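A.B. asks:
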Amino acid sequence: MQIKWMLLGLAWASLPLLLVVHGLLVRVLKGKSGQNVVLLAILAGNLPFLALSVWCLWPMRPQLLLPLLAYLLVVYQGFGYAYFHFYNMSETARRIRLLILIYQGRLKRSEEAASAYSPEEMVRNRLGRLTAMGQLTQNEVGRYVAKGGILLFAAKMIAAYRQLLGLDDWCKS
25 MQIKWMLLGL AWASLPLLLV VHGLLVRVLK GKSGQNVVLL AILAGNLPFL ALSVWCLWPM
85 RPQLLLPLLA YLLVVYQGFG YAYFHFYNMS ETARRIRLLI LIYQGRLKRS EEAASAYSPE
145 EMVRNRLGRL TAMGQLTQNE VGRYVAKGGI LLFAAKMIAA YRQLLGLDDW CKS
């Protein structure tokens, strides 16, 4: 088999592998933050995907095998990145949440939808999600405090990037 077809097949095999690992972890880690479980699934899937790739590419010379494995891991991480954001959108987007609730018959009138998604309820849900992910904590007087972590780092990076591009000045005018 030509190497390009093998690489293509392995790259596409990484997505179902990620879905299987995520499905297993959801059942094992009940009650954990959905976003944290997805991140753990992406990380946990690296080893089986690497093993599958080595098994399929084993007859190759080592000087060719290592760059191909590095390429396949980058592809897997790319699928993982896209899957995380797809999952995150399905968990946090109000539009999708409203459609699911309407489909399930839990919201029948617009007044129910409006009360379920008041600004106070949205902030309460977001704070609950951030607390469950370990990004926020409440101190002894009940104030929320950032614990640090990946989301705070990402927010700081985005703020620095906006400042570098001059978007903060553009938004103010």
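Take 25 as the starting number for the sequence shown in our numbering and just add one per residue.
We put the CB at the ideal spot given by N, CA and C, even for glycine.
Fair warning: this is a prediction, and the values are worked out from it, not measured in the lab.
Need the endpoints of the beta strand (DSSP E) that Ala170 sits in, please.
C.D. replies: Looking up residue 170 in the sequence shown gives position 146. Residues 168 to 170.
A.B. asks: For Ala94 and Gly104, I'd like the C-alpha separation in whole angstroms.
C.D. replies: Counting from 1 along the sequence shown, the entry for residue 94 is found at position 70. Counting from 1 along the sequence shown, the entry for residue 104 is found at position 80. If you take the alpha carbons of Ala94 and Gly104, they lie about 15 Å apart.
A.B. asks: In the structure shown, what three-state DSSP assignment does Gln128 receive?
C.D. replies: For the purposes of this step, residue 128 is identified with residue 104 of the sequence shown, where counting begins at 1. If DSSP states are grouped into helix, strand and coil, Gln128 belongs with coil.
A.B. asks: Take the Cβ of Ile27 as the centre, count every other Cβ of all protein chains shown within 10 Å, and call the residue buried at 16 or more, exposed below.
C.D. replies: Residue 27 sits at position 3 when you count from the first residue of the sequence shown. Exposed.
A.B. asks: Check whether the Cβ atoms of Asn205 and Leu97 lie closer than 9 Å to each other.
C.D. replies: It is not possible to answer for residue 205, since the shown part of the chain is limited to 25 through 197.
A.B. asks: Could you tell me which residues DSSP pairs with Thr161 in its beta bridges?
C.D. replies: Translated into the one-based positions of the sequence shown, residue 161 becomes position 137. Partner(s): Val169.
A.B. asks: Under 9 Å between C-beta atoms, does Phe73 make it to chain B?
C.D. replies: Included in the structure is just one protein chain, with no chain B present.
A.B. asks: Between Phe110, Gln87, Ala170, Ser77, which has its C-alpha nearest Gln159's C-alpha?
C.D. replies: Sequence index remark: in the sequence shown, residue 159 carries index 135 (1-based). Comparing Cα-Cα distances from Gln159 to each of Phe110, Gln87, Ala170, Ser77, the minimum goes to Ala170.
A.B. asks: Going by beta carbon distance, what residues of the same chain come within less than 7 Å of Ala65, once the five residues before and after it are set aside?
C.D. replies: Here residue 65 corresponds to residue number 41 of the sequence shown, with the count starting at 1. Hits under 7 Å: Leu42, Val45, His46, Leu49.
A.B. asks: Helix, strand or coil for Ala117 per DSSP?
C.D. replies: If you number the sequence shown from 1, residue 117 lands on position 93. Coil, per DSSP.
A.B. asks: Count the other CB atoms within 10 Å of the CB of Met73; is the residue buried (16 or more) or exposed (fewer)?
C.D. replies: Here residue 73 refers to the residue found at position 49 when the sequence shown is read from its first residue. Sequence inspection shows Phe at residue 73; the Met mentioned does not correspond to that position. By the 10 Å Cβ count, Phe73 comes out buried.
A.B. asks: What did DSSP end up calling Lys56 once you bin it into helix, strand or coil?
C.D. replies: Position 32 of the sequence shown, counted from the first residue, corresponds to residue 56. Reduced to three states, the DSSP call for Lys56 is coil.
A.B. asks: To the nearest angstrom, how far is it from the Cα of Ala178 to the Cα of Ala117?
C.D. replies: Start at 1 with the first residue of the sequence shown, and residue 178 comes out as number 154. Start at 1 with the first residue of the sequence shown, and residue 117 comes out as number 93. So the two alpha carbons sit approximately 19 Å from each other.
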